[in-house]
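Heads up, the sequence shown is in the numbering used here, so the first residue is 35 and it goes up one at a time. Yeah, the Cβ is synthetic: ideal placement off N, Cα and C, and Gly gets one too.
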Amino acid sequence: MNIEQIVEEVLSEMGRSEKAEEKHLQYEQKKEVTVADPVSKENIEYVQRLTPARIGIGRAGTRMRTKNYLDFRVDHAAAQDAVFKDVEDEVIEQMGLSLLKSRAVSMQEYLMNLDAGRKLDDASADWLKNHAEKGKQVQIIVSDGLSSTGVEETVPDLYLSLTQGLESKNITVGTPVFIRKSRVWIQDEVAALTDCELVISLIGERPGLATSKSISAYIIYKPGEESVEADRTVFSNIHEGGVPPVEAGAYLADVIERMLENKASGVAFARLK
35 MNIEQIVEEV LSEMGRSEKA EEKHLQYEQK KEVTVADPVS KENIEYVQRL
85 TPARIGIGRA GTRMRTKNYL DFRVDHAAAQ DAVFKDVEDE VIEQMGLSLL
135 KSRAVSMQEY LMNLDAGRKL DDASADWLKN HAEKGKQVQI IVSDGLSSTG
185 VEETVPDLYL SLTQGLESKN ITVGTPVFIR KSRVWIQDEV AALTDCELVI
235 SLIGERPGLA TSKSISAYII YKPGEESVEA DRTVFSNIHE GGVPPVEAGA
285 YLADVIERML ENKASGVAFA RLK
């Protein structure tokens, strides 16, 4: 059941008949203390402001109150949609990204076969060989990963801030690409095909019940056949409720500049600080 269906059910249970496509105006989630007769409502409200966790929601017998349960259902549906829905082509086009694909032909294969998402399909590999700019300092990859919502809601501002930051530092950037159903390690193949120094992947994080919009940035300098996870630097929790996308993009540009200067990433880069 997707989020539209969940919202329709929620509205029905609340006795409302508006259409689900107007859900953002009809069903507003807001934190409130629903514990019956709390000892300190002010303290609960203070803690609620500090975390997206479900705190102070109260109960009816052994179960959550109806409003809290409906909020949970909506958040769960949003998380499922983030995983299983594709990023809209319009979003990819607006960022000027070339569309490529991994070897995973379905979301089921992507989730069950890790290797399928770590390699480009033949057509995409040929496209990079024949059309992508070669020998640049930085190659940018955008991947849907486990959150199409994260790509649509967070990456546009993050990508713009990152590219502007790199441009201001006179760092050369290759042809940016979006790779459907790809995993982090696809960086290695892309780097080999584009002959770049450093690869950064902006990839959708696994969604939770607090947010489905989070993005991680994985960076690796000169990846090769011997590269391992310890060679990659990762920055996570990039979204409107975590690290703001614009701020993150500017910071990542600074980090990339230092990595290029020190010719290192991952653990080797961390030891230089």
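Original post:
Would you call D265 buried or exposed, if buried means 16 or more other Cβ atoms sit within 10 Å of its Cβ?
Top reply: Numbered from its first residue, the sequence shown carries residue 265 at position 231. Burial call: buried.
**OP:** To the nearest angstrom, report how far apart K153 and C230 are at their CA atoms.
**Re:** Within the sequence shown, residue 153 is the residue found at index 119, counting from 1. Within the sequence shown, residue 230 is the residue found at index 196, counting from 1. Their Cα atoms are separated by approximately 17 Å.
Original post:
Span of the beta strand (DSSP E) holding K135?
Top reply: In the sequence shown, residue 135 corresponds to position 101, counting from 1. First-last of the beta strand (DSSP E) with K135: S132 to K135.
**OP:** Within the segment 211-241, note down every full beta strand (DSSP E) run reaching 3 residues or more, in order along the chain.
**Re:** 211-214 and 232-238
Subject >> Terminal residues of the beta strand (DSSP E) in which S177 lies >> reply: Against the sequence shown, residue 177 aligns to sequence position 143. That run of the beta strand (DSSP E) goes V172 to S177.
**OP:** Report the option in V73, T68 and Y285 whose CA atom is closest to the CA atom of L192.
**Re:** Sequence index remark: in the sequence shown, residue 192 carries index 158 (1-based). Cα-wise, what sits closest to L192 is Y285.
Subject >> Contact under 7 Å by Cβ, Y252 with V262 >> reply: Here residue 252 refers to the residue found at position 218 of the sequence shown. Here residue 262 refers to the residue found at position 228 of the sequence shown. For Y252 and V262, no; Cβs fall outside 7 Å.
Original post:
Straight-line CA distance for A157 to I220?
Top reply: Walking along the sequence shown from the start, residue 157 turns up at place 123. Walking along the sequence shown from the start, residue 220 turns up at place 186. About 15 Å.
Original post:
Based on the DSSP secondary-structure assignment, which residues constitute the bridge partners of Y285?
Top reply: For this step, residue 285 is matched to residue 251 along the sequence shown. Answer is none; Y285 lacks a bridge partner.
Original post:
Measuring CB to CB, does Q82 end up less than 7 Å from K65?
Top reply: Taking the sequence shown and counting its residues from 1, one reaches residue 82 at position 48. Taking the sequence shown and counting its residues from 1, one reaches residue 65 at position 31. Cβ atoms of Q82 and K65: closer than 7 Å.
Original post:
Can you tell me the Cα-Cα spacing of L255 and V207, whole angstroms?
Top reply: For this step, residue 255 is matched to residue 221 along the sequence shown. For this step, residue 207 is matched to residue 173 along the sequence shown. Here the sequence assigns Tyr to residue 255, which means Leu is not the residue at that position. So the two alpha carbons sit approximately 14 Å from each other.
Original post:
Over what stretch of residues does the beta strand (DSSP E) that includes S250 continue unbroken?
Top reply: Position 216 of the sequence shown, counted from the first residue, corresponds to residue 250. I249 to Y255 is the extent of the beta strand (DSSP E) around S250.
Original post:
Where does V108 fall in DSSP's three states?
Top reply: Working through the sequence shown from its first residue, we reach residue 108 at position 74. Residue state, collapsed to three classes: helix.
**OP:** Thinking G184 and E239 are a contact (beta carbons under 8 Å), I'd like their distance in whole angstroms, please.
**Re:** Indexing the sequence shown from 1 puts residue 184 at position 150. Indexing the sequence shown from 1 puts residue 239 at position 205. Sure, about 6 Å apart at Cβ, within 8 Å.
**OP:** May I have the straight-line CA-CA distance separating E201 from Y103, to the nearest angstrom?
**Re:** Here residue 201 corresponds to residue number 167 of the sequence shown, with the count starting at 1. Here residue 103 corresponds to residue number 69 of the sequence shown, with the count starting at 1. Each residue's alpha carbon lies about 47 Å from the other.
**OP:** Please name the residue, chosen from G179, L180, P210 and S181, that lies closest to L194 on a Cα-to-Cα basis.
**Re:** On the sequence shown, residue 194 is found 160 positions in, with the first residue counted as 1. When only C-alpha atoms are compared, the closest one is P210.
**OP:** Assuming V139 contacts E186 (C-beta within less than 8 Å), just tell me the rounded distance between them.
**Re:** As a working note, residue 139 is residue 105 in the sequence shown. As a working note, residue 186 is residue 152 in the sequence shown. Actually they do not touch by this definition, with Cβ atoms about 22 Å apart.
Original post:
Excluding five sequence neighbours on each side, which residues of the same chain lie with their C-beta closer than 6 Å to the C-beta of L59?
Top reply: As a first step, residue 59 is located in the sequence shown; it is residue number 25 there, counting from the start. Low confidence applies here, because L59 scores a pLDDT of 41, under 50, leaving its location unreliable; read the following figure in that light. Excluding residues within five positions, none has a Cβ falling inside 6 Å.
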